[in-house]
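Written out below as structure tokens is the structure these notes cover.
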Amino acid sequence: MEKFVIATKKQKVTEEKPTSSCEGFKNFVNMLDPKYVLPSKYTIRETIMKDMYKKCVLKQNNFVSITTDSWTSVSTESYMAITCHYIDQNFNLKNSILAVPKLKEHHTAENLASVLQQTFEEWEIAKKVTCIVTDNAPNMIKMCELLQKRHLPCFAHLINLVVQDNLKLKSVQTVLTKCKEIVRYFKSSTTAHEMFMNHQKENGASNSAVKLLQ
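Numbering (the UniProt record's numbering), first residue to last: 1 to 214.
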């Protein structure tokens, strides 16, 4: 399906034909195999317009940065989100999702670099990429080295690592253990829980009484 959409977009653009011309071919394919459903002219038109607009905008920018991260869906399929960031002519920060390709091979630096390079070439921005922002995973760092692009670590990811490391400290664990014991006490006793809620209401928190969670 995806290959058909891409091929149809190229055919419509190169031959300067309207998107409605694909309806005849769609009907022809439907006669051959009714189970094989092709995208409508509206789907083709929408994807063409969006892609053409993105490419036109990116051509006007000499410098762009990339953020990327791989993730796994609920059906255990791996994907790689590739987003482009740039400043437009009005000095506004803009973001465009370039691709979310499915990763069919191991997440090695070489395979990830190949996927990114293919996306760069497709959008004609290979020479415009100034840096790539990823997490600090070794394969991501090496990927940027293979692409010969500057790597910037994700600040949010760094903060998360700092927090996770600090939560492992003995002093912090002691406080967390006490907090869990307090919550466990109020959740295990209906009388204590009722007293806790009433105390909040008496102090003006009737509409926003806090319930303890663990």
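Each residue gets a CB set at the ideal place from its N, CA and C atoms; glycine is no exception.
Residues near residue i in its chain [Cβ-Cβ closer than 6 angstroms; skip 5 each side]
| i | result |
| --- | --- |
| H85 | S65, N95 |
| N61 | Y86 |
| D88 | K94 |
| K54 | S96 |
| C131 | S65, R150, L152 |
| D51 | none |
Three-way DSSP call (helix, strand, coil) for residue i in this model
| i | result |
| --- | --- |
| I141 | helix |
| I125 | coil |
| V74 | coil |
| D33 | coil |
| D69 | strand |
Anticipated Cβ contact below 8 angstroms, residue i with residue j, distance rounded
| i | j | result |
| --- | --- | --- |
| L98 | T119 | 6 angstroms |
| T190 | N139 | T190 to N139, Cβ: 51 angstroms. No contact. |
| V57 | A81 | That belief does not hold up - the Cβ atoms of V57 and A81 are roughly 19 angstroms apart, past 8 angstroms. |
| F63 | K128 | 6 angstroms |
Spatial neighbours of residue i in its chain, beta-carbon cut-off 8 angstroms, leaving aside the 5 residues before and after
| i | result |
| --- | --- |
| Q117 | A126, L147 |
| Y79 | S70, W71, T72, S73, V100, P101, K102, L103 |
| T83 | I66, T67, T68, N95, S96, I97, L98 |
| Q173 | L167 |
| Y185 | A192 |
Beta-carbon proximity list for residue i, same chain, < 7 angstroms, skipping 5 on both sides
| i | result |
| --- | --- |
| E105 | N111 |
| W123 | K55, L58, L98 |
Just checking, does the segment 128-136 make contact with the segment 165-179 on the three C-beta pairs under 8 angstroms criterion? no
Can you check the segment 77-113 for any beta strand (DSSP E) of at least 3 residues that lies completely inside it and give the ranges in chain order? 78-87, 93-99
Would you call the segment 104-118 and the segment 141-152 in contact, with 3 or more CB pairs under 8 angstroms? yes
Is the number of C-beta pairs between the segment 177-188 and the segment 155-163 that are closer than 8 angstroms three or more? no
Curious, which full-length alpha helix (DSSP H) runs of at least 4 residues does the segment 147-206 contain? 155-167, 170-188, 190-202
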